[in-house]
Amino acid sequence: MEAVEWPQKHQEAFKRIGTRPPTGILMFGPPGCSKTLMARAVASEAGLNFLAVKGPELFSKWVGESEKAVRSLFAKARANAPSIIFFDEIDGLAAIRGKESDGVSVSDRVMSQLLVELDGLHQRVNVTVIAATNRPDKIDPALLRPGRFDRLLYVGPPNETDREEIFRIHLRKIPCSSDVNIRELACLSEGCTGADISLICREAAISAIEENLDASRITMQHLKTAIRHVQPSEIHSYKELSAKFQRLVHSNAEADESGYQLRPSKSIGLNMWSLIKSIALFLCRFPAGLSQSESGSSG
142 MEAVEWPQKH QEAFKRIGTR PPTGILMFGP PGCSKTLMAR AVASEAGLNF
192 LAVKGPELFS KWVGESEKAV RSLFAKARAN APSIIFFDEI DGLAAIRGKE
242 SDGVSVSDRV MSQLLVELDG LHQRVNVTVI AATNRPDKID PALLRPGRFD
292 RLLYVGPPNE TDREEIFRIH LRKIPCSSDV NIRELACLSE GCTGADISLI
342 CREAAISAIE ENLDASRITM QHLKTAIRHV QPSEIHSYKE LSAKFQRLVH
392 SNAEADESGY QLRPSKSIGL NMWSLIKSIA LFLCRFPAGL SQSESGSSG
């Protein structure tokens with residue numbers, strides 16, 4: 142959590158030691174854990190321009206157009222700085238290279254262009270890159286080298302307190318009987334993601350209609366039944382994948398001759414809005430790790 146806490150608590154330390162805070166953040170975790178929502182909220186809280194793209198959207202069937210799309214995206218971000226570029230499903234864009242046996246593939250060329258653009262951000266143009274993925278094991282290791290995605294944030298499923306808040310949000314527009322106990326629902330839904338909870342609430346409402354077309358509200362029983370029927374996302378299997386990925390990153394960092402250590406993040410027991418505000422403060426105060434004079438001289 143250094144990337145979140147240190148820039149706001151120890152601002153002078155970065156200046157005194159002559160270094161800069163990280164410029165790239167990779168969020169990884171199971172599907173449905175609000176990684177995309179978090180990135181959008183961070184941009185909103187920080188008051189930064191937000192450019193979002195799903196990795197596969199940049200690919201084109203025309204030769205050279207995919208690389209051009211990557212260049213154009215970064216050019217647009219620089220023109221609208223301070224800004225955030227958010228790559229959703231970056232594993233679809235930055236897959237491990239060298240899998241094609243008949244030469245360099247489009248995917249390889251796009252990945253190479255992406256690395257060039259990320260390295261170019263060292264000129265400090267007030268552009269921060271955030272990426273999200275459900276499959277960190279599919280990402281080319283070159284993307285995780287120092288100076289690119291310096292920090293990893295594991296965004297896990299919500300804890301009980303967060304599940305309670307998520308239930309409150311989804312049940313605001315659904316009439317509920319007086320016996321609905323949100324705290325109990327949060328306890329019963331251990332392992333569920335935000336997407337799972339959304340589905341539980343919808344299933345409960347559908348169940349009430351199926352039971353009685355004239356139904357005007359849902360009951361606690363409807364919600365309990367929905368919880369039993371909605372299987373939590375594959376959290377347990379994902380934990381193993383996540384552990385393997387973090388061990389790989391850790392071993393690569395230890396082998397790096399620069400001595401730079403890329404420390405895999407611990408699991409975030411989300412209070413989501415607290416985390417969002419922390420990251421937003423980080424981006425506001427260190428939008429690209431540069432002072433105004435440095436950004437002016439680079440132009």
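Here the numbering used here is used: the first residue of the sequence shown is 142, the next is one more, and so on. For every residue, glycine included, the Cβ atom is placed at its ideal position computed from N, Cα and C.
Worksheet item: Along the chain, where does the beta strand (DSSP E) that runs through Ile237 open and close?
Response: Against the sequence shown, residue 237 aligns to sequence position 96. No beta strand (DSSP E) contains Ile237, which DSSP labels as neither H nor E.
Fill in: Neighbourhood of Ser348 by C-beta distance below 8 Å, restricted to the same chain and skipping five residues each side
Position 207 of the sequence shown, counting from 1, holds the residue named residue 348. For Ser348, where only same-chain residues beyond five positions count, the Cβ hits under 8 Å are Ile359, His363, Thr366 and Ala367.
Practice prompt. Kindly examine the ligand HEM and report whether one of its heavy atoms sits closer than 7 Å to the Cβ of Ile231.
Written response: Absence of the ligand HEM from the depicted structure is noted, as is the absence of any ligand whatsoever, leaving it without description.
Worksheet entry | Bridge partner(s) assigned by DSSP for Ser165 | Taking the sequence shown and counting its residues from 1, the one referred to as residue 165 is at position 24. Note that residue 165 is Gly in the sequence shown here, rather than Ser. Its beta-bridge partners are Val270.
Worksheet item: Taking the C-alpha atoms as reference points, what is the distance between Gly159 and His311?
Response: In the sequence shown, counting from the first residue as 1, residue 159 sits at position 18. In the sequence shown, counting from the first residue as 1, residue 311 sits at position 170. Spanning the two alpha carbons is a distance of roughly 47 Å.
Discussion item. On the CB-based measure, 16 or more other CB atoms within 10 Å of its CB, does Pro171 come out buried or exposed?
Written reply: Numbered from 1 along the sequence shown, position 30 holds the residue referred to as residue 171. Here Pro171 is buried: its Cβ has 16 or more other Cβ atoms, across all protein chains shown, within 10 Å.
Worksheet item: How should Gly261 be labelled, buried or exposed, when 16 other C-beta atoms within 10 angstroms of its C-beta is the threshold for buried?
Response: Indexing the sequence shown from 1 puts residue 261 at position 120. Flag for Gly261 reads exposed.
Discussion item. Looking at the secondary structure, which residues open and close the beta strand (DSSP E) in which Val296 lies?
Written reply: The count along the sequence shown starts at 1 and reaches residue 296 at position 155. Per DSSP, Val296 belongs to the beta strand (DSSP E) from Arg292 to Val296.
Worksheet item: Do Ile280 and Asp232 have their C-beta atoms closer together than 8 Å?
Response: The sequence position of residue 280 within the sequence shown is 139, counting from 1. The sequence position of residue 232 within the sequence shown is 91, counting from 1. In contact: Ile280 and Asp232 (Cβ atoms closer than 8 Å).
Discussion item. Quick check on Ser441: buried or exposed, where buried means 16 or more other Cβ atoms within 10 Å of its Cβ?
Written reply: Not covered by the structure: residue 441. The range shown for the chain is 142 to 440.
Practice prompt. Could you round the C-beta distance between Val473 and Met361 to whole angstroms and report it? I think they count as a contact, below 8 Å.
Written response: Here the chain covers residues 142 to 440 and nothing more, so residue 473 does not appear.
Worksheet entry | beta strand (DSSP E) runs contained entirely in the stretch 168 to 252, provided each spans 3 or more residues | Counting only runs of 3 or more residues that sit fully inside the stretch 168 to 252, the beta strand (DSSP E) segments are 190 to 195 and 224 to 229, in chain order.
Discussion item. Taking 7 Å as the limit between beta carbons, can you name the residues of its chain near Ala184, skipping five residues before and five after?
Written reply: As a first step, residue 184 must be located in the sequence shown, where it is residue number 43. If we look at Ala184 and ignore the five residues flanking it on each side, its Cβ neighbours are Phe191 and Ile225.
Worksheet item: Going along the chain, which unbroken runs of the beta strand (DSSP E) with 3 or more residues stay wholly within the stretch 276 to 344?
Response: Every beta strand (DSSP E) stretch that sits fully inside the stretch 276 to 344 and reaches 3 residues is listed by chain position as 292 to 296.
Fill in: For Ile359: DSSP bridge partner residues
Numbered from its first residue, the sequence shown carries residue 359 at position 218. Answer is Cys317, bridged to Ile359.
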